[in-house]
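Just add 19 to wherever you are in the sequence shown, counting from 1, and you've got this note's numbering.
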Amino acid sequence: MKFKIFPVLLLLVSCFSFSQTLEKLKVETKKIYDANYTMDFDAITSLTYPKLVEQIGKSKFIDKLDQDYQNENYRMRLQLVTPVFQYGEIRKIAGATYCVISYKNPVRYFFEPKLDANSSLIEANKLREKDQTKDVTFEPKRNSFNVRRITKLIAIADATTGNEWKFINMDDIEQRLQSKNILDETVKKQLGL
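This is the structure we're talking about:
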């Protein structure tokens, strides 16, 4: 009888541990989304994977975030207040825990200089490449672009994060590039990146 109880107990402990991890991940995902929505760059920095921030440099990282949201050409604002997060499988790989999260994350770029037909086409192509989407619409009356994109976050909990969830935002070109130095080929392959 003792041998039959052990597997059931092990299964219950595993399920409870997994649900606790997923619930914590959901809370942290909402925090990083809210920080991006409110443009709280310090909060975004604290929720970003520390090795990535170290590689870029904290002040440079914050300056880059500020430039991404507002510069001499445009102001970018997130449009969706209540996103629906899609969580991939939580995976343990080489002592770290990973999860890929995706969600619809439309943004609007309000351009400061008035765009004509030619310049709007050039800017639309830049936004398609930057945001990795084909769904970019120019609205001449508002001198803005509506960009419908799917955001992908890589959540990581490991020794460098104190086993707390931290994120790499694959929307950000710099973070996307730096992730190649952080995530080895085995991790990328297992996460489907």
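Where a beta carbon is used, it is the ideal one built from N, C-alpha and C, also for glycine.
Only a predicted model underlies this, so the values are computations on that prediction, with no experimental measurement involved.
Assuming ARG161 contacts ASN124 under a Cβ cut-off of 8 Å, what Cβ separation, rounded to an integer in Å, is found between them? Their Cβ separation, rounded to whole angstroms, is 20 Å, which puts ARG161 and ASN124 out of contact at 8 Å.
For MET95, which residues does DSSP report across the bridge? TYR128
Could you name the residues of the same chain whose beta carbon sits closer than 7 Å to that of VAL32, not counting the 5 residues immediately before and after it, in chain order? Residue placement at VAL32 is flagged as unreliable, the pLDDT there being 41, under the threshold of 50; the coordinate-derived value follows with that caveat. None.
Please tell me whether ILE120 and PHE104 are closer than 8 Å, where the distance is taken between their beta carbons. yes
Distance check for PHE157 and GLY211, CA to CA, integer angstroms please. The straight-line gap from Cα to Cα measures roughly 32 Å.
I'd like to know whether the C-beta atoms of GLN209 and ILE109 end up nearer to each other than 8 Å. no
Own chain residues within Cβ distance below 7 Å of THR179, not counting five before or after: PRO69 and LYS70
PHE186 beta carbon less than 8 Å from that of LEU66: Closer than 8 Å, so yes.
Exposed or buried, what is ASP135 when buried is set at 16 or more other beta-carbons lying within 10 Å of its beta-carbon? exposed
Is it buried or exposed for ILE141, if we count other Cβ within 10 angstroms and need 16 for buried? exposed
Beta bridge counterpart(s) of TYR122 as assigned by DSSP: Beta-bridge pairing links TYR122 to THR170.
Own chain partners of LYS153 with C-beta closer than 8 Å, once the 5 adjacent residues on each side are dropped: ARG147
Of the choices ASN182, GLU183, ASP190 and CYS118, whose alpha-carbon is the least far from that of GLN151? ASP190
State the DSSP-derived secondary structure class of LYS207, mapped to helix, strand or coil. helix
Flag this pair as yes or no: are the beta carbons of TYR106 and LEU196 separated by less than 8 Å? no
Taking just the CA atoms, how far does LEU172 sit from TYR122? In a straight line, the C-alpha of TYR122 is about 9 Å away from that of LEU172.
Do TYR128 and VAL166 come within 8 Å of each other at the CB atom, strictly closer than that value? yes
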